[in-house]
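2 protein chains.
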Amino acid sequence: MAELSEQQSAVDWVLSTTRTVRKRLDLTRPVEPQVILDCLRLAIQAPTGGNAQGWRWMVVTDPVKKAAIGEFYRSAGRKYFAAKADSKRGEQDLRVQDSAQYLMDVIERVPVLVIPCIKGRPANVEQSAAYFGSIHPAIWSFSLALRARGLGSAWTSFHLAHERETARLLGIPEGFTQAAMLPVAYTIGSDFKPAKRRPVEEITYWNHWDNTAAR
Amino acid sequence: MAELSEQQSAVDWVLSTTRTVRKRLDLTRPVEPQVILDCLRLAIQAPTGGNAQGWRWMVVTDPVKKAAIGEFYRSAGRKYFAAKADSKRGEQDLRVQDSAQYLMDVIERVPVLVIPCIKGRPANVEQSAAYFGSIHPAIWSFSLALRARGLGSAWTSFHLAHERETARLLGIPEGFTQAAMLPVAYTIGSDFKPAKRRPVEEITYWNHWDNTAAR
Chain R
0 MAELSEQQSA VDWVLSTTRT VRKRLDLTRP VEPQVILDCL RLAIQAPTGG NAQGWRWMVV
60 TDPVKKAAIG EFYRSAGRKY FAAKADSKRG EQDLRVQDSA QYLMDVIERV PVLVIPCIKG
120 RPANVEQSAA YFGSIHPAIW SFSLALRARG LGSAWTSFHL AHERETARLL GIPEGFTQAA
180 MLPVAYTIGS DFKPAKRRPV EEITYWNHWD NTAAR
Chain A
0 MAELSEQQSA VDWVLSTTRT VRKRLDLTRP VEPQVILDCL RLAIQAPTGG NAQGWRWMVV
60 TDPVKKAAIG EFYRSAGRKY FAAKADSKRG EQDLRVQDSA QYLMDVIERV PVLVIPCIKG
120 RPANVEQSAA YFGSIHPAIW SFSLALRARG LGSAWTSFHL AHERETARLL GIPEGFTQAA
180 MLPVAYTIGS DFKPAKRRPV EEITYWNHWD NTAAR
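Just so you know, the sequences run in chain order R and A.
Quick note: the first sequence uses numbering that gives the first Met the number 0, first residue 0, plus one each step.
Quick note: the second sequence uses numbering that gives the first Met the number 0, first residue 0, plus one each step.
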């Protein structure tokens with residue numbers, strides 16, 4: 000089945016090169032509303048618990064509203080990094096922090112900010128896995144669809160520390176929960192490489208914890 | 000860029016045809032451990048908050064353990080449907096329930112059960128979005144990678160009602176949280192169609208809630 004194997008290689012490509020893009024977001028090239036809608040149309044093919052499809056997609060392009068969200072984002076980001084300042088970090092941690100700092104600085108200049116919202120709110124931590132499992136797959140599909148079109152994104156959650164203020168700013172009603180925020184732009188170049196990861200064989204256990212002998 | 004557009008069409012295909020598979024899981028065809036590892040290797044390319052990569056992948060193939068998990072799964076599933084029995088349901092709801100009932104009946108005969116685990120546990124609901132956001136993208140990538148190889152899965156959470164018993168059965172330590180369970184098998188045929196969805200234009204809002212005028 001030649002066709003399936005070509006499809007497989009394209010799928011493997013998108014799964015292994017959809018990286019968190021921050022410094023390579025093109026802040027100068029506009030993003031057409033149509034490409035956002037095309038990617039969201041694919042995103043909402045993802046499954047939801049009980050087929051609830053309780054999602055709404057808040058897309059922010061207005062510079063004044065982006066600036067306000069940028070302040071919320073930076074305020075929470077600064078607190079996060081201040082809290083981490085004393086912990087020991089490796090080279091990759093510092094590179095990620097440098098890149099995250101860059102995104103904090105330019106967040107309102109990213110052409111589009113997408114805030115996925117989901118109906119309700121989990122009553123407790125136990126309900127959260129299934130609850131967010133009904134929006135996270137769609138968010139990740141959205142990121143993959145963007146990548147296939149030459150756009151990039153970063154899955155962020157800093158602004159959630161100011162979820163209520165953001166809801167007020169955008170008119171999001173009480174009955175909906177914000178799940179994340181994704182700044183979206185065309186990428187500068189598209190030669191993203193797979194990330195370094197621990198060998199999967201070391202973190203896959205067969206029938207009992209720590210048993211790495213595949214069977 | 001002909002190449003990119005071919006990749007795009009394969010990506011669109013996988014995002015729009017990776018359905019929840021229950022009745023069309025092939026219970027008789029064995030699943031090679033290698034294909035599970037190949038799909039998990041792609042899955043762990045997904046991003047994690049703070050690049051934590053706190054995941055472990057529990058793969059259950061042992062019939063005795065699958066039978067025990069099957070009991071947990073059925074017990075929670077029965078309670079779920081009993082609680083829903085009085086609510087009014089449409090045709091699609093009934094079809095999903097019929098299909099879910101089938102999976103409950105055969106769950107331990109599915110060749111492979113995969114339980115994604117993640118380090119720690121969120122302290123509260125507010126932390127849950129970012130916390131499960133560090134494992135759900137990888138779980139969904141795993142499902143997409145399976146689809147590209149002719150396998151299918153269903154993202155389930157019934158067994159989480161018996162998370163502690165399952166942890167004891169599999170030796171999962173206290174410091175890890177189970178995020179879901181995915182029964183995995185080759186699919187019977189592979190002609191899955193996109194799901195019916197509400198038009199994306201109706202559930203995408205631009206700069207303010209309920210404003211569907213794209214800009």
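Every residue, glycine too, gets a C-beta built ideally from N, C-alpha and C.
- Contact check for residue 153 of chain A against residue 107 of chain A fails: the beta carbons are separated by 8 Å or more.
- With its beta carbon less than 8 Å from one in chain R, residue 131 of chain A belongs to the interface.
- Note on geometry: alpha-carbon atoms of residue 75 of chain R and residue 158 of chain R lie some 7 Å from one another.
- Here residue 151 of chain A is buried: its Cβ has 16 or more other Cβ atoms, across all protein chains shown, within 10 Å.
- With a threshold of 8 Å between beta carbons, residue 186 of chain A makes no contact with chain R.
- Distances from the alpha-carbon of residue 171 of chain A to those of A:179, A:57, A:139, A:84 put A:57 closest.
- Counted as a single uninterrupted DSSP element, the stretch harbouring residue 186 of chain A is not any beta strand (DSSP E), since DSSP gives it neither H nor E.
- Residue 152 of chain A is bridged by DSSP to A:19, A:183.
- At a beta-carbon threshold of 8 Å, the residues of chain A lying near residue 91 of chain R are 50, ordered along the chain.
- At least one beta carbon of chain R lies nearer than 8 Å to the beta carbon of residue 143 of chain A.
- Following the DSSP letters along the chain, one finds residue 177 of chain A inside the beta strand (DSSP E) bounded by residues 175-177.
- Annotation for residue 58 of chain A: the continuous beta strand (DSSP E) segment containing it runs 54-59.
- Straight-line measurement puts the Cα of residue 208 of chain R at about 49 Å from the Cα of residue 211 of chain A.
- At the C-beta level, residue 144 of chain R and residue 24 of chain R stay beyond 8 Å of one another.
- Counting of Cβ neighbours within 10 angstroms places residue 11 of chain R among the buried residues, the total reaching 16 or more.
- The beta carbons of residue 39 of chain R and residue 30 of chain A sit about 33 Å from each other, so the pair does not count as a contact at 8 Å.
- The three-state secondary structure of residue 115 of chain R, taken from DSSP, is strand.
- In the pairwise beta carbon analysis, the segment 107-119 of chain A is classified as touching the segment 171-181 of chain A: at least three pairs are separated by under 8 Å.
- For residue 36 of chain R, the neighbours in chain A by C-beta distance under 7 Å run, in chain order, 199, 200, 203, 213.
- Residue 61 of chain R belongs to the set of residues whose beta carbon lies under 8 Å from a beta carbon in chain A.
- Judged by DSSP in its simplified three-state form, residue 165 of chain R adopts helix.
- Residue pairing for residue 24 of chain A: DSSP places it in a beta bridge opposite A:186.
- Comparing alpha-carbon positions, the option among A:111, A:164, A:181 lying closest to residue 33 of chain A turns out to be A:111.
- The straight-line gap separating the alpha-carbon atoms of residue 202 of chain R and residue 166 of chain A is approximately 16 Å.
- Here the C-alpha atom of residue 113 of chain R lies approximately 14 Å from the C-alpha atom of residue 162 of chain R.
- For residue 160 of chain R and residue 71 of chain R, the gap between their C-alpha atoms comes out near 8 Å.
- Interface criterion not met: the Cβ of residue 165 of chain R is under 8 Å from no Cβ in chain A.
- Distance from residue 26 of chain A to residue 184 of chain A at the Cβ level is roughly 7 Å; contact confirmed, criterion being Cβ atoms closer than 8 Å.
- In this structure, DSSP gives residue 208 of chain A a state outside helix and strand, which the three-state scheme calls coil.
- Using a CB distance below 8 Å, the part of the segment 95-119 of chain A facing chain R consists of 95, ordered along the chain.
- Sequence-distant Cβ neighbours of residue 130 of chain A in its own chain, meaning closer than 6 Å and more than five residues away, are 121.
- Annotation note: the segment 76-132 of chain A contains the following uninterrupted beta strand (DSSP E) runs of length 3 or greater, listed N- to C-terminal: 111-118.
- For residue 42 of chain A, the enclosing alpha helix (DSSP H) stretches over residues 32-42.
- Linking residue 78 of chain R to residue 84 of chain R through their CA atoms gives a straight-line distance of about 10 Å.
- Taking 7 Å as the Cβ-Cβ cut-off, the segment 11-31 of chain A approaches chain R at 11, 12, 13, 14, 15, 19, given in chain order.
- C-alpha of residue 193 of chain A to C-alpha of residue 109 of chain A: approximately 24 Å in a straight line.
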